[in-house]
Structure formats: structure tokens, C-alpha cells
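Notes follow the structure.
In our numbering, the protein residues as written are 536 to 1302.
Encoded structure:
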């Protein structure tokens, strides 16, 4: 039998990945087209040869994976242990084909053509022949010659030669399985060749390596669409965004994210970097000490609570000393300044101090020693009576301004001029790239920046308004003598255009949206909540934050003569203005059914009573109309228990079923069971409801799918205003329900009036 190795069989492992062309649109396409292209690219398009060729690095894990494959170990288990693909057998097979192709190419480059032929042989070709008879079936077990002689010739009748012939006849010698021996030799030679190539081809990952050089093309593409190109970018994203960083990567779940984190941990020595423990801890579980320890205290751009205010007097003295050393006079130094930055200079010099008696007036009413402390006093003094969102907005505009004042303008607030204010207004519209960081970056990390993008015209106008009010307050407190922002012309806002009242879910679109979610809501708790949120937003016109804050205690029932009971919802809107939003009878029944389905019960009856009983029960006052799902509650229980957060006393004993009385004392109280969602979480619920319905309606109604793809949560409010006026509601009634300060704002929803005017013009001048 020849020892020549058999020719490798045609198999998916010995072929290159399929080359599939993919047509991309031009760079000048619209944002919607780009999103659609990105979505198609991530949804499972076949990998092109160019993408596979970008995967260029073979690591120790790849060689261990391929050796296990040669040893005929289960492929999915090998992938779960050595690859970032996990138990995905399809991705494991494609990765195996890539590894085999790279090994064969490397052997050929090394002029080792024998190793190339060896590694092209599949384990299936070297496996034992299943149809060959077993060795035990060919011949019985052979005794020793002495045992044979005792059994067949106890008297010594046969000679030694005759006894040997008789033994050979009875127990013939088994022929060796030369094929099996050859296959075993080939397998051992494969292992030797693989070890030799490992010393030649294996590399260690480095931070500057591209993700596409190490990870499967499908995973690398998802990361690149999220802005993660190099391995260093992956470290930065995880550090900045925290444990749920993967939510910004389309198609990547928690399991895949954990594999990537484990991959980084396994190669920490070669990468020279490890993920800090604070990056893998939920932010709500981080203590102040942990955040302070993670924050690098450096002089530079920082959040308000970490900002180190510069000593302008010390810096000014250093500039004067440097000027004298260069032989430059104070007049020459001043003439070279332009808006606090010297022409042709480094931008770190400080303008000469001007005497400002107001900053040192003995009658001033704040004890702040610098501008940073004065602004903090203003924030603390003005937050009373304002919503959390307004206070957050004030702080954001203030910290942007203070960072610019300290590190760009480089002069104190008392020396600010009108020219500086004008320069800051232009700075807001076009901040430099190193002042911008992705939204959601943790404030306690050094990667935080004041901007997530350049501000549009409306945001710039809002920032200038906030800063003008801040300086007015500082003038009244006699910390400042004048307000330089007061001399700037306030740009007129385009209120009509900015409202986008045409962003409305038409009747056909709403019917399709509701028809998609209604059957799913019968058996799915998450779908039932999504449908309830959409219906509540469309029939009340509440803003997103108002929807999130709504509780059972906000429901009001009034008995009117001739009308019976009338239900309304007490809402705290913009500017801390209270208003009552009357509810339709169908919505009242929907709220009652939704609360009953969540197991909300009164302490008196112990069961889900009527809505009137729930609204008058003090124990249910803080129960949110839009609650959390079981998995959302479990995820937040430990954090709320550590922080000592107190919620409504609603819970469920282990193994209990049915509604739980509020007044009862369950075995384990879940504080977050009926806690309200954050506005950001509620936004995700609504957007997910739009997106899933749009995907299902692509084949049935392209128009509805297109509208839902573009829709935002605020479209529900526009839909309420438009539908209310189109179906005969009085203008002043809709104004009160929506909380508009001016009836002119509400009148913008009068689309029927616009259509009548257009019809009249068509009659006069022709259609």
C-alpha cells in the first residue's frame, strides 16, 4: 500500500469564503439612506473576500482552536473556548476555513509544501474506517505458548517445532492495519507542522491593531459602524460607557460583549492595558469614593464638580516674567492680544487685569472667591421650584461656559467683554473636535467632554439666554458690575418651523401601529406595556417627561351634575406649571385594565378593585402608570437596596400568584416594582415600538413603515393636537390640555384651516 497521502476532499473548510459583491450608495446620500445601508450591512450580508482579507492576524487562540479541530473535538465547544464567536457553529466554520487558508498560505511562503499538503487534509479523511471489522472479530485472544502447551500437549507428545506449527495454525498472527497506522502518522505530522507554523506566524495583539484584523468580519463590521476601529477604541468605549456599552453596537448583545471583554482580559499582557473594574460596574452602584478614585485630576476640560479653576493672577505673573525676559514691554504685550488670545501666540497667555470694583464690592451678597464658586452658588439658589430637567440644562450650559472661560478665553468673568461673548456664541456652533465626546460618556472619566455635537441655532439661543440670566443674577448679588451678555442682540427664534407640527401619525399609520401591537399584547407583558404607552401618549398629548412622572396619585375623579364622573390627570409641566388633562372614558377603562394586569391592588379589598378605589388609596399614590417589567425590576433591585431607595410598599412573596395587597407585608419587598421609568428608558420603549412595527409593515404598507421609521416619541404629542382639532375640539380646550402658554402655539395644529385656505386659493387662481 502506498504511503502517499490521499487527496483532500472538497469541503467547506478547504474553500475560501464566498465573494459576494455589495453595492453601496454614494457618500452624498441622505442620513436615512445611510442608516438603511448600515442596517442592511449588519443584518447578515455574506462576507466579501476583501473583508476576510482584512482579518490578517493569527494568534495563539487560533492555533489552539485548529489543533483541537485536528484532534476531532466538537467544533462549537472549541469556538466557545478559544474564539470570540462563541457557540455560533456557522461563524466557527467560516473562521476555521479562514485559519486553514492562512496556515496553508503561510506554509507555502515558507517553502514548506509538505506542511501545506498536510494541513489541507481534513480529520474526516484520517478517521478510522467505520465499515472495517474490529480487531477482536478477526481472531480470538492469543494465549502464551506455555499456556497453549499445557492445554493441548500436557504429555509432551509434540516436538517443539510441531507445537509451534500447531500454535500458528490455531492462532494465526493478525495482519497490521496499515491504513490506520498511516493515518495516525499523518495526524502526528500535522501537529508537528502546526507547531512549526505557530512559531512562524503567531502574533500577539496590540492596541493599534484593527478589530477587523482579529475578529470575525460580521463582528468587526458591527464594531466599525459604532466607531470602534482599533482595539484601543474598544478599550475606550467600554471604559467610557460602562457595563452596557454594547447597546450602542447594533446586533451585539450582552453575551457577545462579555466574550469581547474576556478576550481583552486574556490578552491583557500583550495589549499592555486592562479594563478598570469601575468600567464593568453599573454606574448606579458606584460610590462617590470610587468615582473620585477613577477621575484623573488634571488641569483641563472637566465637569463642573471636577473642574479645577485656574489661578489667573499666577498665570498673568508668569506671562509678565516671560515678556520681560524677551524684552517685550507691557504695551507691546497688550497690543498683541486679540480677544484674550495673542496673535500668533500659543493661546495660553493671560490678558492684563482690569480693575473691577464690583467684583470686590464690600456689599456683595455672595462669599464666593472665584467664578466657579459663584456659578455654583447661582445654581443652588435658582434650582428651587424648577424641574430636574431645567436644573440639568442650567448646569450643562454653565459648565460649558466655565470650561471655555478657563481654557480658551483664559480670563476671569469680571473681565469678560462683549467681544468675548460674541466669540463664545460662535464657539458653541463649532466647537473643536477635542471638546466633543459621544453622548453617554461617564462624567467621572477623563474622556468626558462638554459637547456631544455642535449646537444648532435653537440650542445656541437657549445657551445665551441662560448665561444672560446667570450674569443678571450675579450683577444683582454685586459679584459682577455689568452683564456683558445683556448687550448682545437676542436672535429671533423660528418657533413655527422648530415645532414641526407636520410630524403626525396619520390615522392609517396609527391604525396599522395599533393593529400590530394589539394581538401581541394579549400574552406578552412587554408588548402590553408598549401598547399602553403608545395609547396613553396619543390620547393625552403629554410630553415624554410628563408621561414618565404620571402616577396613580395624579388621577382625579370629579362628579359633575348631568355628566357623572369625569376623570382627569394632574400634570406638572414646563416651568413647574400645574394643569389638569381630562381623560376620555375609553382611556380610563384602559388605565384600569392595565393596572389590574400589573397586579396593583388596594389594601382594603386585597384585590384589583376599580380605578376609583385605586386613586383614593394613599398607598398607591406613588405607583407609576407606566411601570417596569420583571427583568427591569430584578436588574435594579440590588442597586436600590444598597442606596436605601424607598418606593411604594408593593411586593410579592416567593411563590405567590395573583394580585398582592398593598397593605400586606410580603416576604420580600421589591421597591422598584412600580417605580417610574426614566424619560430615557421610556423613549427607548416608544422608539422600539415604532421600529418593530415598521419592520413588520415593510411588506404590507410601505408608507406606514416609512412614517414609523422617522417617527420620534414627540410625534405622539403632535398627533394628539392635530387629531383633537380636526375632530372638533375647541382651540382653547386643546391649549389647556397641552399646556401651551399662548393660543398661537396651539393654532399651529389647525391643519384643516390651512387646507381651507389652500382650497380658496385654488378656486381663485386655479388648481
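Glycine is no exception: its CB is placed at the ideal position from the N, C-alpha and C atoms.
3 or more residues per run - each beta strand (DSSP E) lying fully within the segment 1057-1109: 1090-1095, 1099-1107
Residue span of the alpha helix (DSSP H) that contains residue 1252, given as start and end: Along the chain shown, read from residue 1 onward, the residue named residue 1252 stands at position 717. Its alpha helix (DSSP H) spans residues 1250-1261.
Going by the beta-carbon positions, is the gap between residue 960 and residue 752 smaller than 8 Å? Here the question's residue 960 lines up with position 425 in the chain shown. Here the question's residue 752 lines up with position 217 in the chain shown. No; because the gap between Cβ atoms is not below 8 Å, this pair is not in contact.
Going by C-alpha to C-alpha distance, which of 999, 1077, 968 sits closest to residue 984? For this step, residue 984 is matched to residue 449 along the chain shown. Residue 968 is the option with its Cα nearest to residue 984.
Beta-carbon contacts of residue 601 that lie in its chain and below 6 Å, excluding the five residues immediately before and after: Working through the chain shown from its first residue, we reach residue 601 at position 66. So the list reads 634, once near-sequence residues are dropped.
Contacts around residue 1301, its chain only, beta-carbon distance under 7 Å, and the 5 residues preceding and following it disregarded: One-based indexing of the chain shown puts residue 1301 at position 766. Exclusion of the five residues before and after residue 1301 leaves no residue of its chain whose Cβ lies closer than 7 Å to its Cβ.
What residue does the beta strand (DSSP E) around residue 1116 start on, and which one ends it? Here residue 1116 refers to the residue found at position 581 when the chain shown is read from its first residue. Residue 1116 -> beta strand (DSSP E) spans 1113-1117.
Give me the Cα-Cα distance between residue 774 and residue 936, rounded to the nearest whole angstrom. By 1-based counting over the chain shown, the position of residue 774 is 239. By 1-based counting over the chain shown, the position of residue 936 is 401. Our two residues, residue 774 and residue 936, have alpha carbons roughly 26 Å apart in a direct line.
Taking only the alpha-carbon atoms, compute the straight-line gap between residue 1084 and residue 996 and give it to the nearest angstrom. Translated into the one-based positions of the chain shown, residue 1084 becomes position 549. Translated into the one-based positions of the chain shown, residue 996 becomes position 461. Each residue's alpha carbon lies about 28 Å from the other.
Out of 1116, 921, 1052, 1222, which one is the CA nearest neighbour of residue 1256? Numbered from its first residue, the chain shown carries residue 1256 at position 721. Cα-wise, what sits closest to residue 1256 is 1116.
Does the beta-carbon of residue 988 have 16 or more other beta-carbons within 10 angstroms, so that it is buried, or is it exposed? Numbered from 1 along the chain shown, position 453 holds the residue referred to as residue 988. The residue in question, residue 988, is exposed, as its Cβ has fewer than 16 Cβ neighbours within 10 Å.
Distance, Cα to Cα, residue 695 vs residue 719? Here residue 695 refers to the residue found at position 160 when the chain shown is read from its first residue. Here residue 719 refers to the residue found at position 184 when the chain shown is read from its first residue. Just so you know, the alpha carbons of residue 695 and residue 719 end up roughly 39 Å apart.
Would you call the segment 1070-1083 and the segment 1106-1120 in contact, with 3 or more CB pairs under 8 Å? yes
Contact between the segment 630-646 and the segment 760-772 (3+ Cβ pairs under 8 Å): no
Pick from 847, 680, 1063, 1012: whose alpha carbon is nearest that of residue 910? Translated into the one-based positions of the chain shown, residue 910 becomes position 375. The candidate whose alpha carbon is nearest that of residue 910 is 1012.
Per DSSP, residue 745 is paired with what? The residue given as residue 745 occupies position 210 in the chain shown. In the DSSP assignment, the residues bridged to residue 745 are 765.
Between residue 1161 and residue 1064, is the Cβ-Cβ spacing less than 8 Å? Walking along the chain shown from the start, residue 1161 turns up at place 626. Walking along the chain shown from the start, residue 1064 turns up at place 529. Yes, Cβ-Cβ distance for residue 1161 and residue 1064 is below 8 Å.
State the start and end residues of the unbroken alpha helix (DSSP H) segment that holds residue 1229. Translated into positions along the chain shown, residue 1229 becomes position 694. Here the alpha helix (DSSP H) through residue 1229 covers 1214-1231.
Is it right to say residue 802 is buried, meaning 16 or more other beta carbons lie within 10 angstroms of its own, or is it exposed? Along the chain shown, one-based indexing puts residue 802 at 267. Buried: at least 16 other Cβ atoms inside 10 Å.
Going along the chain, which residues of its own chain have a beta-carbon closer than 8 Å to the beta-carbon of residue 796, five neighbours each way excluded? Residue 796 sits at position 261 when you count from the first residue of the chain shown. Within the same chain, residue 796 has close Cβ partners 773, 810, 815.
Excluding the 5 residues flanking residue 1146 on each side, which residues of the same chain have their C-beta closer than 6 Å to its C-beta? As a first step, residue 1146 must be located in the chain shown, where it is residue number 611. Same-chain partners within the cutoff: 1127.
Is DSSP giving residue 1135 helix, strand or coil here? As a first step, residue 1135 must be located in the chain shown, where it is residue number 600. The answer is strand: DSSP assigns residue 1135 an E or B state.
Can you tell me whether residue 1033 is buried or exposed? The criterion is at least 16 other CB atoms within 10 Å of its CB, across all chains shown. Residue mapping note: residue 1033 aligns to position 498 of the chain shown, counting from 1. With a pLDDT of only 49 at residue 1033, under the threshold of 50, the placement of this residue in the model should not be trusted; the figure read from the coordinates follows. That one is exposed.
Between residue 1107 and residue 972, what straight-line distance do the alpha-carbon atoms span, to the nearest angstrom? Position 572 of the chain shown, counted from the start, is the residue given in the question as residue 1107. Position 437 of the chain shown, counted from the start, is the residue given in the question as residue 972. When rounded, the distance between both Cα atoms is 33 Å.
Buried or exposed (CB count within 10 angstroms, at least 16 for buried), residue 1298: The residue given as residue 1298 occupies position 763 in the chain shown. Under this definition residue 1298 is an exposed residue.
In the DSSP assignment, find the unbroken alpha helix (DSSP H) run with residue 1054 in it and report its ends. In the chain shown, the residue the question calls residue 1054 occupies position 519. Looking at the DSSP string, the run of the alpha helix (DSSP H) that includes residue 1054 is 1042-1055.
Taking residue 1148 as the reference, give the member of 1158, 1263, 1136 with the closest Cα. One-based indexing of the chain shown puts residue 1148 at position 613. Of 1158, 1263, 1136, the residue nearest in Cα terms is 1136.
Rounding to the nearest angstrom, what Cα-Cα distance links residue 755 and residue 594 in this structure? Counting from one through the chain shown, the residue named residue 755 turns up at place 220. Counting from one through the chain shown, the residue named residue 594 turns up at place 59. A direct Cα-Cα distance of roughly 16 Å separates residue 755 from residue 594.
Beta-carbon proximity list for residue 902, same chain, < 6 Å, skipping 5 on both sides: Your numbering for residue 902 matches position 367 in the chain shown. No residues qualify anywhere along the chain.
Measure the alpha-carbon distance for residue 744 versus residue 736 and round it to whole angstroms. As a position in the chain shown, residue 744 is number 209, starting the count at 1. As a position in the chain shown, residue 736 is number 201, starting the count at 1. Approximately 16 Å between the Cα atoms of the pair.
Boundaries of the alpha helix (DSSP H) in which residue 620 is found, first to last residue: Within the chain shown, numbered from 1, the residue matching residue 620 stands at position 85. Segment: none, residue 620 is in no alpha helix (DSSP H) and carries neither H nor E.
Between residue 1048 and the rest of its own chain, which residues show a CB-CB distance below 6 Å, the 5 nearest in sequence each way excluded? Within the chain shown, residue 1048 is the residue found at index 513, counting from 1. Correct list, in chain order: 1228.
Compute the Euclidean distance between the alpha carbons of residue 568 and residue 651, then round it to the nearest angstrom. As a position in the chain shown, residue 568 is number 33, starting the count at 1. As a position in the chain shown, residue 651 is number 116, starting the count at 1. Note that residue 568 has pLDDT 43, beneath the 50 cutoff, so the model's placement of it is unreliable and the number below is only indicative. Rounded to whole angstroms, residue 568 to residue 651 spans 45 Å at the Cα level.
Does the segment 1209-1229 come within contact of the segment 1246-1255, defined as at least 3 CB pairs closer than 8 Å? Counting Cβ pairs under 8 Å, three or more are found: they touch.
Using DSSP's beta-bridge definition, name the partner residues of residue 1159. Taking the chain shown and counting its residues from 1, one reaches residue 1159 at position 624. For residue 1159, which the question treats as bridged, DSSP gives the partners 1086.
Mapping the DSSP letters down to three states, classify residue 1177 as helix, strand or coil. Here residue 1177 refers to the residue found at position 642 of the chain shown. Note on residue 1177: pLDDT 36, under 50, position unreliable in the model; the coordinate value appears next. Residue 1177 carries a helical assignment under DSSP once its states are collapsed to helix, strand and coil.
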